[in-house]
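Going by the working numbering, the sequence shown wraps up at 796, each residue one higher than the last. Idealized CB from N, CA, C, for every residue including glycine.
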Amino acid sequence: MTSAGIMRQKRFAARIILLTALILLAGCAPGAGVPADSTGDVTLPVISEAAPAVLEIVKDGKSEFGMVRLDESHPMTVDCTALIKLVRRVTGADIEMTSDIRGYDSPEASRPEIIVGACKRREAESFIASLPENGYGIRAEGNKLIIAGKTDSLTAAACRVFENQIAYNREFTSDGNMTVPAGFEAVYTMSAVLEGNRILSSDFAAVAVFDRVATVKARNGFQGTQGSATDGRYFYVSLYRKANGVETDIIVKKDVSTSEEVAVSEELPLDHCNDICYDSLRKRLVVANMKDGKLTFVDPGTLAVTGTAVFGSGNPYAIAYNEKRDRYAVAAGGRICITDGDFNILSTIEMAPNSNYVGQGMDADDDYIYMPMSPSQGITRDNIIIVYSWDTGYKKTAHMRTESESETLVNFGGRKFVTFNGTVVNISEYRFVAVYG
């Protein structure tokens with residue numbers, strides 16, 4: 360037999376072995392990393408003489424692939440960091456994380472890449488556009504491996520597909536090598552949208568991303584904020600002043616939809632005014648003065664003080680209210696106290712210890728209680744939101760990539776907001792995004 364004939368036989372045998380392995384893989388159930396409410400399909404590649412049989416992502420513990428994500432995307436950066444650690448763990452190879460900042464036609468865009476999520480790569484855009492509603496998965500196309508979902512949160516689910524079907528599958532990854540068949544595709548769908556509080560109830564980690572929607576300027580020596588609240592129509596933002604050792608505040612009332620100032624209070628005896636909540640049943644603002652256990656009631660219409668109360672267990676520094684439960688959550692004495700409308704303690708929640716961050720205000724909705732914590736100088740450089748269940752306590756911690764000091768969180772109608780301290784106070788809308796890792 361001629362040498363050419365021998366080579367043809369070898370290529371044919373290799374294709375038979377590869378297709379047999381893929382057929383066996385397609386017959387297996389999805390791995391544990393695929394959510395239980397997902398359905399999906401694995402597409403077998405069509406192999407031709409012209410196309411490469413496999414993408415050699417890692418060969419002998421080394422890789423020529425870069426891992427690209429949307430520039431400055433916090434969720435995608437978290438996903439990529441975890442994926443790089445995964446690849447290193449199973450192959451020993453280090454993959455460089457890069458961004459799409461130079462665009463579709465940059466020299467980097469032609470190199471072998473693992474693309475994570477939506478970014479300036481045509482292959483990613485094409486794959487995401489092809490996905491069904493609530494869809495996610497992986498695709499090998501040309502010299503690219505795309506790991507993406509219809510949303511940023513669903514990209515975290517796609518990372519789990521890569522983990523279980525590629526990284527932990529010895530058909531594809533073993534002995535310092537990782538190869539993916541050309542044309543391979545695995546797509547799944549979730550039964551419901553992965554967003555909002557469904558992320559918090561899932562087994563995914565979460566981060567918080569935010570965009571500024573309004574500002575509050577300093578005036579008359581009052582600058583920086585502590586507590587804030589909303590009734591859905593207006594924001595109520597405190598501005599703080601300390602003169603001759605005495606702390607006082609004013610409250611600025613801003614229209615949520617237009618960001619216009621509606622009213623400004625007189626100087627009020629609210630001490631540090633560390634947090635404010637809106638009691639929608641009793642139509643009042645409740646201030647945690649953070650002094651002598653005092654709570655102060657303010658009329659949201661007139662912005663005048665209408666009364667005070669003394670909390671019976673510790674010095675409150677954060678407070679939230681939920682109308683559906685008609686319950687307050689009050690942070691005092693090293694715990695979260697769940698109270699009725701008269702501040703009688705009904706139950707308590709143990710706080711998750713975290714000495715690397717500084718405690719701030721608090722917010723609550725029907726399902727969860729949210730506590731923002733700001734950076735501890737010289738120790739941490741981001742913010743976190745610690746999430747608690749009303750009934751079972753600590754749920755999870757979401758990181759928020761900013762060094763600005765978050766002060767409190769507020770919500771209404773499913774929208775969530777965070778206020779950041781500064782000479783100019785920033786009000787930002789935030790949302791949770793599921794991440795891999």
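With DSSP run on the structure shown, which of helix, strand or coil describes residue i?
i: leucine 403; result: Only weak support exists for where leucine 403 lies, its pLDDT of 45 falling under 50; the value from the coordinates is given anyway. If DSSP states are grouped into helix, strand and coil, leucine 403 belongs with coil.
i: threonine 514; result: helix
i: glutamate 482; result: helix
i: aspartate 438; result: helix
i: phenylalanine 424; result: coil
i: phenylalanine 563; result: coil
i: proline 731; result: strand
i: glutamate 626; result: coil
i: isoleucine 695; result: strand
i: leucine 381; result: Since pLDDT at leucine 381 reaches only 39, below the 50 mark, its modelled position is unreliable, and the value read off the structure follows with that caveat. If DSSP states are grouped into helix, strand and coil, leucine 381 belongs with the helices.
i: phenylalanine 543; result: coil
i: lysine 444; result: helix
i: alanine 488; result: helix
i: alanine 551; result: coil
i: glutamate 709; result: strand
i: threonine 532; result: strand
i: glutamate 522; result: helix
i: proline 389; result: Since pLDDT at proline 389 reaches only 36, below the 50 mark, its modelled position is unreliable, and the value read off the structure follows with that caveat. The answer is coil: DSSP assigns proline 389 none of H, G, I, E or B.
i: alanine 647; result: strand
i: arginine 557; result: helix
i: threonine 450; result: helix
i: glutamate 306; result: Because the chain in this structure spans residues 360 to 796, residue 306 falls outside the shown range and cannot be described.
i: glutamate 467; result: helix
i: glutamate 408; result: With a pLDDT of 42 at glutamate 408, under the threshold of 50, the modelled position of this residue cannot be trusted, and the question is left open.
i: arginine 760; result: coil
i: phenylalanine 791; result: strand
i: asparagine 770; result: strand
i: arginine 571; result: strand
i: isoleucine 376; result: Any reading at isoleucine 376 must be qualified, since the residue scores a pLDDT of 41, below 50, and its modelled position is unreliable; the value itself is stated next. Isoleucine 376: helix per DSSP, three-state reduction.
i: arginine 600; result: strand
i: threonine 739; result: coil
Compute the Euclidean distance between the alpha carbons of residue i and residue j, then round it to the nearest angstrom.
i: arginine 435; j: phenylalanine 656; result: It should be noted that the sequence gives methionine, not arginine, for residue 435. Those two C-alpha atoms are separated by around 43 angstroms.
i: alanine 380; j: glutamate 530; result: Caution is warranted here: a pLDDT of 41 is assigned to alanine 380, below 50, making its placement in the model unreliable, and the coordinate value is therefore given only provisionally. The straight-line gap from Cα to Cα measures roughly 7 angstroms.
i: tyrosine 676; j: isoleucine 728; result: 15 angstroms
i: glycine 673; j: glutamate 762; result: 30 angstroms
i: threonine 751; j: serine 706; result: 11 angstroms
i: valine 792; j: lysine 683; result: 25 angstroms
i: aspartate 638; j: serine 616; result: 21 angstroms
i: leucine 559; j: glycine 796; result: 15 angstroms
i: alanine 691; j: leucine 490; result: 48 angstroms
i: aspartate 701; j: aspartate 685; result: 11 angstroms
i: phenylalanine 424; j: alanine 545; result: 20 angstroms
i: asparagine 780; j: serine 787; result: 11 angstroms
i: glycine 693; j: valine 417; result: 50 angstroms
i: methionine 549; j: leucine 640; result: 37 angstroms
i: valine 568; j: phenylalanine 581; result: 29 angstroms
i: alanine 711; j: glycine 462; result: 42 angstroms
i: arginine 790; j: histidine 631; result: 28 angstroms
i: valine 623; j: glutamine 719; result: 24 angstroms
i: threonine 782; j: valine 596; result: 13 angstroms
i: alanine 723; j: tryptophan 749; result: 9 angstroms
i: aspartate 725; j: proline 471; result: 47 angstroms
i: arginine 519; j: glutamate 482; result: 20 angstroms
i: alanine 373; j: valine 413; result: Note that alanine 373 scores 42 on pLDDT, short of 50, meaning its location in the model is unreliable and no value can be drawn from it.
i: glutamine 524; j: valine 575; result: 50 angstroms
i: alanine 757; j: isoleucine 745; result: 6 angstroms
i: serine 422; j: lysine 479; result: 22 angstroms
For residue i versus residue j, is the C-beta spacing smaller than 8 angstroms?
i: leucine 598; j: glycine 586; result: no
i: arginine 428; j: serine 465; result: no
i: lysine 650; j: valine 669; result: no
i: isoleucine 443; j: methionine 456; result: yes
i: proline 628; j: lysine 642; result: no
i: serine 733; j: tyrosine 716; result: yes
i: glycine 420; j: alanine 441; result: no
i: isoleucine 704; j: aspartate 634; result: no
i: alanine 526; j: leucine 445; result: yes
i: phenylalanine 776; j: glycine 591; result: no
i: isoleucine 506; j: isoleucine 497; result: yes
i: lysine 509; j: glutamate 492; result: yes
Looking at the strands, I want to know which residues DSSP matches up with residue i.
i: isoleucine 505; result: Ile474 and Arg498
i: serine 682; result: A quick correction: the sequence has glutamate, not serine, at residue 682. Its beta-bridge partners do not exist; DSSP assigns none.
i: phenylalanine 594; result: Thr589 and Lys613
i: leucine 654; result: Ala647 and Ala668
i: aspartate 638; result: Arg643
i: serine 748; result: Tyr727 and Gly752
i: alanine 307; result: A question about residue 307 goes unanswered here, because the residues of the chain that appear run from 360 up to 796.
| query | For the region 511-526 against the region 539-555, are there 3 or more C-beta pairs whose distance is under 8 angstroms? | reply | Enough Cβ pairs lie closer than 8 angstroms, so yes.
| task | Spell out a yes or no on whether the region 535-548 and the region 737-753 are touching, meaning 3 or more CB-CB pairs, one atom from each, closer than 8 angstroms. | result | Too few Cβ pairs lie closer than 8 angstroms, so no.
| message | Three Cβ pairs or more, each shorter than 8 angstroms: is that satisfied between the region 690-703 and the region 590-608? | response | With a cut-off of 8 angstroms, the region 590-608 and the region 690-703 do not count as touching, because too few Cβ pairs lie within range.
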